[in-house]
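Report on one structure; see the data block that follows.
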Ligand SMILES: Cc1cc2nc3c(=O)[nH]c(=O)nc-3n(C[C@H](O)[C@H](O)[C@H](O)COP(=O)(O)OP(=O)(O)OC[C@H]3O[C@@H](n4cnc5c(N)ncnc54)[C@H](O)[C@@H]3O)c2cc1C
């Protein structure tokens, strides 16, 4: 690791706690690839840090620190993409939001508030438990809300029900500078308000 990344490791430990900063390659192997066929997938870089924040505030602090030090950040979701989009191709930080996986369904308003690291499978189950139906299904229920939104996922049901953007009523986003924006509908906590039918 270069000096800059060594310094960043300490910053990240201060932000999220030591146990959520991974530097050993053998513990981050599954974060270096997605479902792209081996022959087509780009290779991951050598010097990487994997960090797992638990809140929007921590994400904001991470992005601000990385931006100040000009260190690239690679957000990963469920790593089900088929175009290598989440593969960390340069030295830098892999940002996984898997700990941010809460979902609250508002049955009366046919809405849900889902954190970015919740999976499609989690959302389908939460809707089902509330006697509702979340129709989007791109094929792999391990995909996360953040990944579904950033790729505007579709799938075979898109012909009848539309694509992910049709179900997003509001988002909380963190810009690369660390600034937090709330856009769209009534936001109760991190992330997206999703409409269920
Ligand atoms: C069997 C199979 C079938 C599929 N069928 C379809 C299909 O029919 N239609 C379709 O659209 N897709 C399909 N996919 C692809 C994939 O499931 C979708 O693109 C899905 O939306 C990716 O979500 P993910 O969480 O796995 O994202 P990842 O693969 O982890 O990442 C995808 C991109 O999103 C970015 N990203 C992830 N999380 C965040 C975040 N929180 N904030 C900012 N950026 C983020 C990553 O940096 C990357 O650029 C299929 C995949 C499989 C394996």
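Residue numbers (this note's numbering): 185 to 381.
Idealized CB from N, CA, C, for every residue including glycine.
query: Separation of residue 271 from residue 216, as counted between CA atoms; result: 6 angstroms
query: Segment contact flag, the segment 294-305 with the segment 244-252, C-beta cutoff 8 angstroms, min 3 pairs; result: no
query: beta-carbon residue 259 near ligand 1 non-hydrogen atom, thresh 7 angstroms; result: yes
query: Collapsed DSSP secondary structure at residue 266 in the structure displayed; result: coil
query: Close-in-space but distant-in-sequence residues of the same chain around residue 287 (CB under 8 angstroms, 5 per side omitted); result: 296, 297, 298, 299, 302, 306, 307 and 310
query: Residue range of the alpha helix (DSSP H) that includes residue 286; result: Run containing residue 286: none; DSSP gives neither H nor E here.
query: Terminal residues of the alpha helix (DSSP H) in which residue 192 lies; result: 187-200
query: Under 8 angstroms between C-beta atoms of residue 233 and residue 205; result: yes
query: Inter-residue Cα distance where the pair is residue 323 and residue 356; result: 26 angstroms
query: Residue 339 and residue 265 closer than 8 angstroms at C-beta; result: no
query: Cβ-heavy atom distance, residue 319 to ligand 1, below 7 angstroms; result: no
query: Residues that residue 206 bridges to, as DSSP identifies them; result: 234
query: Exposed unless 16 or more other CB atoms sit within 10 angstroms - verdict on residue 280; result: buried
query: Ligand 1 heavy atom lying under 7 angstroms from the CB of residue 330; result: yes
query: 6 angstroms Cβ shell around residue 197 - same chain, five flanking residues per side excluded; result: 205
query: Helix, strand or coil at residue 306 according to DSSP, with G and I counted as helix; result: helix
query: Limits of the alpha helix (DSSP H) - the one that residue 342 falls within; result: 342-345
query: Beta-bridge pairing of residue 280 - partner residues as DSSP gives them; result: 260
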